[in-house]
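Colleague: What follows is a structure written as structure tokens; I'll ask about it next.
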Amino acid sequence: MHAPLVVLGSGPGGYTAAFRAADLGLEVIMIEKYEIIGGVCLNVGCIPSKALLHTASVISEAEEAGKHGVSFGKPKIEIDKVRENKDEIVSKLTGGLKTLAKMRKVTVVHGYGKFTTDKAIEVVAEDGTKTEVTFDNCIIAAGSRVTKLPFIPWDDPRVMDSTGALELEDIPERLLVVGGGIIGLEMATVYDALGSQVTIVELSPGLMPGTDRDLVKPLERRIAKQYENIFTNTKLASIEPTDAGMLCKFEALDEKTAKNVPESDTFDRVLVSIGRSPNGKLIDADKAGVAVDDHGFIATDNQMRTNVPHIFAIGDIVGQPMLAHKATHEGKTAAEVIAGHKAFFDARAIPSVAYTNPEIAWMGKTEEECKAEGIEITKGAFPWAASGRSLSNGRSEGMTKVMFDKGTGQIIGAGIVGTNAGELIAEAVLALEMGADAEDIGLTIHPHPTLSETFNFAAEVAEGTCTDIY
Ligand code: FAD
Numbered sequence: 001m002h003a004p005l006v007v008l009g010s011g012p013g014g015y016t017a018a019f020r021a022a023d024l025g026l027e028v029i030m031i032e033k034y035e036i037i038g039g040v041c042l043n044v045g046c047i048p049s050k051a052l053l054h055t056a057s058v059i060s061e062a063e064e065a066g067k068h069g070v071s072f073g074k075p076k077i078e079i080d081k082v083r084e085n086k087d088e089i090v091s092k093l094t095g096g097l098k099t100l101a102k103m104r105k106v107t108v109v110h111g112y113g114k115f116t117t118d119k120a121i122e123v124v125a126e127d128g129t130k131t132e133v134t135f136d137n138c139i140i141a142a143g144s145r146v147t148k149l150p151f152i153p154w155d156d157p158r159v160m161d162s163t164g165a166l167e168l169e170d171i172p173e174r175l176l177v178v179g180g181g182i183i184g185l186e187m188a189t190v191y192d193a194l195g196s197q198v199t200i201v202e203l204s205p206g207l208m209p210g211t212d213r214d215l216v217k218p219l220e221r222r223i224a225k226q227y228e229n230i231f232t233n234t235k236l237a238s239i240e241p242t243d244a245g246m247l248c249k250f251e252a253l254d255e256k257t258a259k260n261v262p263e264s265d266t267f268d269r270v271l272v273s274i275g276r277s278p279n280g281k282l283i284d285a286d287k288a289g290v291a292v293d294d295h296g297f298i299a300t301d302n303q304m305r306t307n308v309p310h311i312f313a314i315g316d317i318v319g320q321p322m323l324a325h326k327a328t329h330e331g332k333t334a335a336e337v338i339a340g341h342k343a344f345f346d347a348r349a350i351p352s353v354a355y356t357n358p359e360i361a362w363m364g365k366t367e368e369e370c371k372a373e374g375i376e377i378t379k380g381a382f383p384w385a386a387s388g389r390s391l392s393n394g395r396s397e398g399m400t401k402v403m404f405d406k407g408t409g410q411i412i413g414a415g416i417v418g419t420n421a422g423e424l425i426a427e428a429v430l431a432l433e434m435g436a437d438a439e440d441i442g443l444t445i446h447p448h449p450t451l452s453e454t455f456n457f458a459a460e461v462a463e464g465t466c467t468d469i470y
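Take a look at the structure:
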């Protein structure tokens, strides 16, 4: 088989690139090892996790409605139906994707692809059938996989990675989540709402390392009351399968945590969620002359071109942040460059969101980064305890903060913690892309009472013009 463009991988990066290239008139072959296209995001990532998080938020809201004088009683959880609902949402989207590929005449070849030269990929189907696919241009969109700690007994069904956790086989009575990053905390939110007693163990001094502490604090405070235990500054030293459960040994990394952390404890299930590794070393990229670093990442220029001029790379395989919206934008850029357009990946900010309860979202530089890089900023922070809308929603925790570069006056970063922070952060990204300053944001009339106006108020705080309206 031959096509002017071959895309290796059908995740959000791959299918966006394939569709954009087809729309621009290119004949495209997309190679995918699984029968169902859509990659990690649609099948075992963003979408199934958000379907379950929605179920979790319905449960939490119902439980907390007692405060408003409405009681629903203990929720009856029908685990099979929760799973079916999630699976139906995923199938709807992957089915839609298949139709969109067909409509655009994108040929999907199923099987595992590896480069044999800089012009060819050999695809081995599940039944062993081999197909050689040759190309003029190629986009590598082979994504990433779960990082596996070597000492974990992965063959024990009580040990799960994020994919296993999303399968929702049962609701364990006691669940240990290893890793307090975004994915671990999202899955902890789900299992806690469904009734598990959750313990989190995290190596760093705080949850969600890399995020400003003031954004993480409201989440830490809330879950400290709900979860069985949160062990930060603590290492999981070993896991041993026993009849009573998974026997986990812990190692406290400083004296402060040592007194709270038991030497060992037994859990019904363990979710290991310590990060993801790029798939760069699994596709014989060297046979095409494509450089892959020690971690498995493939470097590109701002047109998504690798060191081999007709081979491009996008998505998780090119670097952090490993997020679907970064992959899709990179995919579009690569497709457009191959179609002869002068396109560049030139995003000034890529937002990150933890869809926890409360949500945490940030974009641009964090306050910590500004400090570390010696960037002088003016900061405006607006606490949601003063937001009429947040209080009406029954939530007094939350904060919106915006940072402006003292030199240029322009917005340089923002962070939001609270309900729907993931939706709200988009406005800050637009403001940064447009080079807005505090006055621009302060003068932009936001509807009242909304959570979105906290962005306006935070900018006014930075300007010194906030008048505390409720
Ligand atoms: P992938 O989605 O990884 O797709 C790569 C595809 O290539 C896969 O289908 C794979 O089977 C295929 N492939 C790999 N190698 C080969 C080969 N040799 N031959 C053939 N096919 C191959 N991101 C967000 O932005 N928001 C979220 O809310 C979010 N939630 C997440 C929740 C979880 C639990 C997880 C695990 C991830 C989440 N992510 C989220 C991250 C997001 O899923 C990834 O950033 C995104 O899927 C990356 O897209 P991609 O196109 O680079 O690769």
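The opening position of the sequence shown corresponds to residue 1 in UniProt numbering, with each subsequent residue numbered one higher. Here a beta-carbon is modelled for each residue, glycine too, at the ideal position from N, C-alpha and C.
Taking the straight line between their C-alpha atoms, what separation do you get for S396 and P218?
Modeller: Computed Cα separation, rounded: 10 Å.
Colleague: Please determine whether the Cβ atom of A142 lies at a distance below 6 Å from any heavy atom of ligand 1.
Modeller: The answer is yes for A142.
Colleague: Between the segment 243 to 260 and the segment 273 to 288, do at least 3 Cβ pairs fall closer than 8 Å?
Modeller: Taking 8 Å as the limit for Cβ pairs, the verdict is that the segment 273 to 288 does not touch the segment 243 to 260.
Colleague: Pop quiz: T199 and L53 are said to be a contact at Cβ under 8 Å. What is the actual Cβ separation, rounded to whole angstroms?
Modeller: That belief does not hold up - the Cβ atoms of T199 and L53 are roughly 20 Å apart, past 8 Å.
Colleague: For the beta strand (DSSP E) containing C466, name the first residue and the last one.
Modeller: Counting along the chain, C466 falls outside any beta strand (DSSP E), and DSSP gives it neither H nor E.
Colleague: Which of the three DSSP states, helix, strand or coil, is assigned to H53?
Modeller: Here residue 53 is Leu; the residue named in the question, His, does not match the sequence. The answer is helix: DSSP assigns L53 an H, G or I state.
Colleague: Is the beta carbon of S144 less than 7 Å from the beta carbon of S352?
Modeller: No, the Cβ-Cβ distance between S144 and S352 is not below 7 Å.
Colleague: Does the Cβ-Cβ distance between A339 and I314 come in under 7 Å?
Modeller: No. Outside cutoff.
Colleague: Among the candidates A65, I182 and I317, whose CA atom is the shortest distance from the CA of G39?
Modeller: For the residues A65, I182 and I317, the minimum Cα distance to G39 belongs to I317.
Colleague: Please determine whether the Cβ atom of H329 lies at a distance below 6 Å from any heavy atom of ligand 1.
Modeller: Outside the cutoff, so no.
Colleague: Give me, in chain order, the residues of the same chain whose beta-carbon lies closer than 8 Å to that of E228; leave out the 5 immediate sequence neighbours on both sides.
Modeller: Only R174, Q197, V198 and T199 meet the Cβ criterion.
Colleague: Would you decide whether G224 is buried or exposed? Buried here means 16 or more other CB atoms lie within 10 Å of its CB.
Modeller: The question names Gly, yet the displayed sequence has Ala at residue 224. The residue is exposed, with fewer than 16 neighbouring Cβ atoms inside 10 Å.
Colleague: Taking the beta strand (DSSP E) that D405 belongs to, which residues open and close that run?
Modeller: Looking at the DSSP string, the run of the beta strand (DSSP E) that includes D405 is M399 to D405.
Colleague: Since D136 is in the beta strand (DSSP E), which residue starts that stretch and which ends it?
Modeller: Where D136 is concerned, the enclosing beta strand (DSSP E) stretches over K130 to I140.
Colleague: Which ranges would you report for the beta strand (DSSP E) in the segment 323 to 400 if only whole runs of at least 3 residues count?
Modeller: For the segment 323 to 400, whole beta strand (DSSP E) runs of length 3 or above, ordered along the chain, are 352 to 354, 359 to 364 and 377 to 383.
Colleague: Rounding to the nearest angstrom, what Cα-Cα distance links T211 and A3 in this structure?
Modeller: Taking the straight line joining both Cα atoms gives about 43 Å.
Colleague: Going by CA-CA distance only, name the one from K259, P309, E186 and F297 that's closest to I274.
Modeller: Looking at the Cα atoms, E186 is the closest of the given residues.
Colleague: Nearer than 6 Å: is that true of the beta carbon of M322 relative to any heavy atom of ligand 1?
Modeller: Because some heavy atom of ligand 1 lies under 6 Å away, the Cβ of M322 counts as near it: yes.
Colleague: Report, in whole angstroms, the separation of the C-beta atoms of F455 and E427, which I expect to be a contact under 8 Å.
Modeller: F455 to E427, Cβ: 6 Å. Contact.
Colleague: Is L271 helix, strand or coil when you go by DSSP?
Modeller: DSSP places L271 in strand when its eight states are reduced to three.
Colleague: Determine whether the beta carbon atoms of L215 and G415 lie at a separation below 7 Å.
Modeller: Result yes, Cβ atoms of L215 and G415 sit closer than 7 Å.
Colleague: Ligand 1 heavy atoms versus the CB of P205: any closer than 6 Å?
Modeller: False, no ligand heavy atom lies under 6 Å from that Cβ.
Colleague: Give the DSSP-derived three-state secondary structure of A431 in the structure shown.
Modeller: In the structure shown, A431 sits in a helix (DSSP, three-state: H, G or I).
Colleague: Quick one: grab the DSSP three-state call for R305.
Modeller: DSSP places R305 in strand when its eight states are reduced to three.
Colleague: Within the continuous beta strand (DSSP E) that includes F312, where are the two ends?
Modeller: Start and end: I311 to A313.
Colleague: Ordered along the chain, which non-local residues of its own chain (more than five positions away) have a Cβ less than 8 Å from that of M1?
Modeller: These residues qualify, in order along the chain: I29, T107, V109, T131, E132, V133 and T134.
Colleague: Is the Cβ-Cβ distance between L8 and I31 less than 7 Å?
Modeller: In contact: L8 and I31 (Cβ atoms closer than 7 Å).
Colleague: In or out: D80 buried (at least 16 other Cβ within 10 Å) or exposed?
Modeller: D80 is exposed by the Cβ-count criterion.
Colleague: Between the Cα of I183 and the Cα atoms of K33, D136, K76 and P209, which residue gives the shortest distance?
Modeller: Checking every option, the nearest Cα to that of I183 belongs to P209.
Colleague: Since K92 is in the beta strand (DSSP E), which residue starts that stretch and which ends it?
Modeller: Premise fails: K92 lies in the alpha helix (DSSP H), I79 to M103, not in any beta strand (DSSP E).
Colleague: Within 10 angstroms of the Cβ of V178, are there 16 or more other Cβ atoms? Answer buried if so, exposed if not.
Modeller: Result: buried.
Colleague: Excluding sequence positions up to five away, which residues of its chain have a Cβ less than 8 Å from the Cβ of E367?
Modeller: These residues qualify, in order along the chain: D212, D214, I377, K379, K401, M403, G413 and G415.
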